[in-house]
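Visitor: Below: one structure in structure tokens.
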Amino acid sequence: MSHTFHIPVLGLGFSIDTPLKVARYGISSVMSVVDDELIERMREYHCYENEEAFMPIKKTENDYRAKRITAYLNLVKKLVERQFENLKEQPFADGSDLCRYFELLPETSQLKQGYDLMQEFPDGEQKRLFQSILRNKITKGSIDVNIMAKVDKMNFNAEGDYTGDENTDALAALRGFATSELQSSVILSAGMNPRLYSYLENFPDFFPYDNERFEKKIILKVSDFRSAFIQAKFLAKKGLWVSEFRIESGLNCGGHAFATEGFLLGPILEEFKTRRDEMLDELYGLYDSALIQKGMFTTKAPVQKISVQGGIGTADENAFLRDHYHVDATGWGSPFLLVPEATNVDNETLVKLTGATESDYYLSNSSPLGILFNNFKPSSSEQQRISRIENKRPGSPCTKKFLCSNTEFTDQPICIASREYQNLKIKQLDNSGLPEAEHQAAFNTITEKICLCEGLCSSAYLKYGIAKPKENTAVAICPGPNLAYFRRTFSLDEMVGHIYGKLDVLKNAARPHMFLKELELYIDYLQKDVQQNLANLTEKKSKQLQKFKEQLLNGIDYYKTLFNEMQLLPDNAKEQLRTFEELLLKQAY
């Protein structure tokens, strides 16, 4: 692996072609395969840009969703390989992509050290031989895909008949990846889907060859040790190996946020660190037994990596996570939204992001999935939502239907961000006879939802100039709160240099340590939960709140010890921890 960080999935369209921008430099990144319509349009665009033949895959075709995903992934692989071969053939000359590859590497990289040494050689046969060795050592970044496990809509044909379990959205997406030519990983996120996990068994590429190598690997995005272990055991019993646990902060992240029950990132990483070998041994025992039953054999446990993402903002934090918790890699997501050559953010949204303050980033109930969602107040989709309410037309036209899950008013599921659902729900509310304040609160809850299917794609269409006439181009964007401290756009070289400590793009920014920021977010989350339940606080809810509070206090105790051990103590860390602790101790439920 050339680099020690990756770029996680960013919405639907923001990282949909990021491998085409960074993989040739050895940087791994993740694309979403939720939206096959976006994927088909991006395939068309990149085919024409690269003079490749484009044959549309129409919705009338059998298994069109999986076929679209496979075709796009194969195209991306082909184009990245072409870019990489072109890079390898370039001379070691100032400004070449080949030199840029090496200059982006961390100073600790043996390849980077070899490159620096080669530069000192005098011209001649020895230098050319050295250059040839360096060319043969470089590797491409991985072209990985993300599937939100529970975004798994059932599908029906024109006659209204269910098309079967294998044609639900998540399973069709997995089939699209599994039958592609990629040698990379699928990241399964957003919780466990037993049907999807079991479906992995249908594809030979997820099983080992040559003892421990895989054509395609499985990565689980997780928020705590217990759920990671449970999911991995479920897979191991089927002979499926988890090659990486991608730990993400529950709240200090972008996109959908999966709050833990008060467990903070530091203690979670500590548990992974101390129990890593125990987990590996138990999983390998289950995995080996399952493979034997399938007539397969291994002699040792395959590699199992651990990475962490969510709220990392400085080279010091990045290095500390790798050194102290022994993680294999880190994930840097939201900051790359401000790197135009790596992601797809339209100019208008870029301007808003660079001028934003901390209060512009907030945790919302905007997602139709019913999962907390990191929203951005100045986004055009949020402004459009408010405008529609003012014009007495709340809700969105539902054209893509990826997030349809509600059957409260209809036989077939509809989306709770749709105009259809919100009109029906508001009529029901109007007939409820609630007092004005309660009515308004309920109305706000109904109309807070936004269309993510269109909003998270629009930016890519705007950036490439491929939006269709009359198409809704309001942009939804979901950065983590950490982006508030990055106040301009950056080149790829600047952002990568910042990650590795070659330069500091946040110089003089008043930014809290990532652990302290997450703790603050969790305390805010707890206080809002208390306020929402105060009027009708049940014994069960009271116990849950108390347990949540106790976990936060345990986390504070952990950080007190940790920060005492750290050589470079975050600014005002002890005072902040004391303030947070006093605030929690005052609360009773």
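Last residue of the sequence shown: 2056 (this note's numbering), numbering continuous.
We treat Cβ as the ideally placed atom computed from N, Cα and C, and that holds for glycine.
1) Drop a sphere of 10 angstroms on the beta-carbon of glycine 1562, count the other beta-carbons inside from all chains shown, and report buried for 16 or more, exposed for fewer.
2) Please name the residue in Phe2047, Ala1951, Ile1933, Leu2051 whose C-alpha comes closest to that of tyrosine 1515.
3) Tell me which same chain residues have a C-beta within less than 7 Å of the C-beta of lysine 1740, skipping the five on either side of it?
4) Can you name, in chain order, every residue of its own chain whose Cβ lies under 8 Å from the Cβ of leucine 1578, other than the five neighbours on each side?
5) Going by other Cβ atoms of all chains shown within 10 Å of its Cβ, with 16 needed for buried, is isoleucine 1759 buried or exposed?
6) Can you give me the start and stop residues for the alpha helix (DSSP H) that glutamine 2011 sits inside?
7) With contact counted as at least three CB pairs below 8 Å, one residue from each stretch, are the segment 1990-2010 and the segment 1865-1878 in contact?
8) Identify which residue in His1965, Arg1855, Ala1941 has its Cα closest to the Cα of asparagine 1911.
9) Give me the Cβ distance between glutamate 1915 and serine 1831, rounded to the nearest whole Å; I'm assuming they're in contact under 8 Å.
10) Are at least three pairs of beta-carbons, each pair with one atom in the segment 1795-1802 and one in the segment 1943-1956, less than 8 Å apart?
11) Going by Cα to Cα distance, which pick from Ala1782, Asp1783, Ala1703, Leu1788 is closest to aspartate 1748?
12) In this structure, what does DSSP give as the bridge partners for glutamate 1711?
13) How about the segment 1505-1521 and the segment 1531-1550: do they share at least three Cβ pairs that are nearer than 8 Å?
14) Does the beta-carbon distance from serine 2009 to isoleucine 1944 come in below 9 Å?
15) Given a cut-off of 9 Å, decide if valine 1476 and methionine 1498 are closer than it, judged by their beta-carbon atoms.
16) Let me know if serine 1899 comes out buried or exposed under the rule of 16 or more other beta-carbons within 10 Å of its beta-carbon.
17) Report yes if the CB atom of alanine 1796 is closer than 9 Å to the CB atom of isoleucine 1474, and no otherwise.
18) Hey, how far is the Cα of tyrosine 2026 from the Cα of asparagine 1814?
19) Could you round the C-beta distance between arginine 1532 and glycine 1643 to whole angstroms and report it? I think they count as a contact, below 8 Å.
20) Just checking my contact of aspartate 1503 with isoleucine 1536 at CB under 8 Å: how many whole Å lie between their CB atoms?
21) From the DSSP output, which residues share a beta bridge with serine 1656?
22) Going by beta-carbon coordinates alone, are serine 1482 and serine 1609 separated by less than 9 Å?
23) Going by alpha carbons, who is nearest to leucine 1638 out of Ser1652, Ser1651, Asn1660, Phe1623?
24) At a cut of 8 Å, does the segment 1721-1729 reach the segment 2012-2023 through at least three beta carbon pairs?
25) Between histidine 1906 and asparagine 1890, what straight-line distance do the alpha-carbon atoms span, to the nearest angstrom?
26) Can you say whether leucine 1836 is buried or exposed, counting buried as having 16 or more other CB atoms within 10 angstroms of its CB?
27) Determine the closest residue to asparagine 1841 out of His1723, Leu1817, Ser1926, with distance taken between C-alpha atoms.
28) Do you know whose CA, among Arg1680, Ile1893, Glu1519, Thr1485, lies nearest threonine 1766's CA?
Guide: With the structure as the only source:
1) The sequence position of residue 1562 within the sequence shown is 95, counting from 1. Under this definition glycine 1562 is an exposed residue.
2) In the sequence shown, the residue the question calls residue 1515 occupies position 48. For tyrosine 1515, the nearest C-alpha among the options comes from Ile1933.
3) Taking the sequence shown and counting its residues from 1, the one referred to as residue 1740 is at position 273. Tyr1792, His1793, listed in sequence order.
4) Counting from 1 along the sequence shown, the entry for residue 1578 is found at position 111. If we look at leucine 1578 and ignore the five residues flanking it on each side, its Cβ neighbours are Ser1469, Phe1569, Leu1572, Leu1601, Lys1604, Ile1605.
5) Working through the sequence shown from its first residue, we reach residue 1759 at position 292. It is exposed - the Cβ of isoleucine 1759 has fewer than 16 other Cβ atoms within 10 Å.
6) As a first step, residue 2011 is located in the sequence shown; it is residue number 544 there, counting from the start. It spans 2006-2032 - the alpha helix (DSSP H) in which glutamine 2011 sits, taken as one unbroken run.
7) Verdict: no, contact absent.
8) Position 444 of the sequence shown, counted from the first residue, corresponds to residue 1911. The shortest Cα separation from asparagine 1911 among His1965, Arg1855, Ala1941 belongs to Arg1855.
9) Along the sequence shown, one-based indexing puts residue 1915 at 448. Along the sequence shown, one-based indexing puts residue 1831 at 364. Under the criterion of beta carbons closer than 8 Å, glutamate 1915 and serine 1831 qualify as touching, at roughly 7 Å.
10) Contact between the segment 1795-1802 and the segment 1943-1956 is present, because at least three Cβ pairs lie under 8 Å.
11) Residue mapping note: residue 1748 aligns to position 281 of the sequence shown, counting from 1. For aspartate 1748, the nearest C-alpha among the options comes from Ala1703.
12) Here residue 1711 corresponds to residue number 244 of the sequence shown, with the count starting at 1. Per DSSP, Ile1686, Lys1772.
13) yes
14) Translated into positions along the sequence shown, residue 2009 becomes position 542. Translated into positions along the sequence shown, residue 1944 becomes position 477. No, Cβ-Cβ distance for serine 2009 and isoleucine 1944 is not below 9 Å.
15) Position 31 of the sequence shown, counted from the start, is the residue given in the question as residue 1498. Position 9 of the sequence shown, counted from the start, is the residue given in the question as residue 1476. In this structure, valine 1476 lies closer than 9 Å to methionine 1498 by Cβ.
16) The residue given as residue 1899 occupies position 432 in the sequence shown. Burial call: exposed.
17) Here residue 1796 refers to the residue found at position 329 of the sequence shown. Here residue 1474 refers to the residue found at position 7 of the sequence shown. No, these two residues do not count as a Cβ contact at 9 Å.
18) Sequence index remark: in the sequence shown, residue 2026 carries index 559 (1-based). Sequence index remark: in the sequence shown, residue 1814 carries index 347 (1-based). C-alpha separation (whole angstroms): 40 Å.
19) In the sequence shown, counting from the first residue as 1, residue 1532 sits at position 65. In the sequence shown, counting from the first residue as 1, residue 1643 sits at position 176. Contact between arginine 1532 and glycine 1643 holds, with the beta-carbon distance rounding to 7 Å and staying under 8 Å.
20) Within the sequence shown, the letter at position 36 stands for residue 1503. Within the sequence shown, the letter at position 69 stands for residue 1536. About 6 Å separates the two Cβ atoms, so the contact holds.
21) Position 189 of the sequence shown, counting from 1, holds the residue named residue 1656. DSSP lists Met1615 as partners of serine 1656.
22) As a working mapping, residue 1482 is identified with position 15 in the sequence shown. As a working mapping, residue 1609 is identified with position 142 in the sequence shown. Taking 9 Å as the Cβ cut-off, serine 1482 and serine 1609 do not qualify as a contacting pair.
23) Residue mapping note: residue 1638 aligns to position 171 of the sequence shown, counting from 1. With respect to the C-alpha of leucine 1638, the residue from Ser1652, Ser1651, Asn1660, Phe1623 having the closest C-alpha is Asn1660.
24) Result yes; three or more Cβ-Cβ pairs closer than 8 Å.
25) Within the sequence shown, numbered from 1, the residue matching residue 1906 stands at position 439. Within the sequence shown, numbered from 1, the residue matching residue 1890 stands at position 423. When rounded, the distance between both Cα atoms is 15 Å.
26) Taking the first residue of the sequence shown as position 1, residue 1836 is located at position 369. With 16 or more other Cβ atoms inside 10 Å of its own Cβ, leucine 1836 counts as buried.
27) Residue 1841 sits at position 374 when you count from the first residue of the sequence shown. Nearest of His1723, Leu1817, Ser1926 to asparagine 1841, Cα basis: His1723.
28) Translated into positions along the sequence shown, residue 1766 becomes position 299. Nearest of Arg1680, Ile1893, Glu1519, Thr1485 to threonine 1766, Cα basis: Arg1680.
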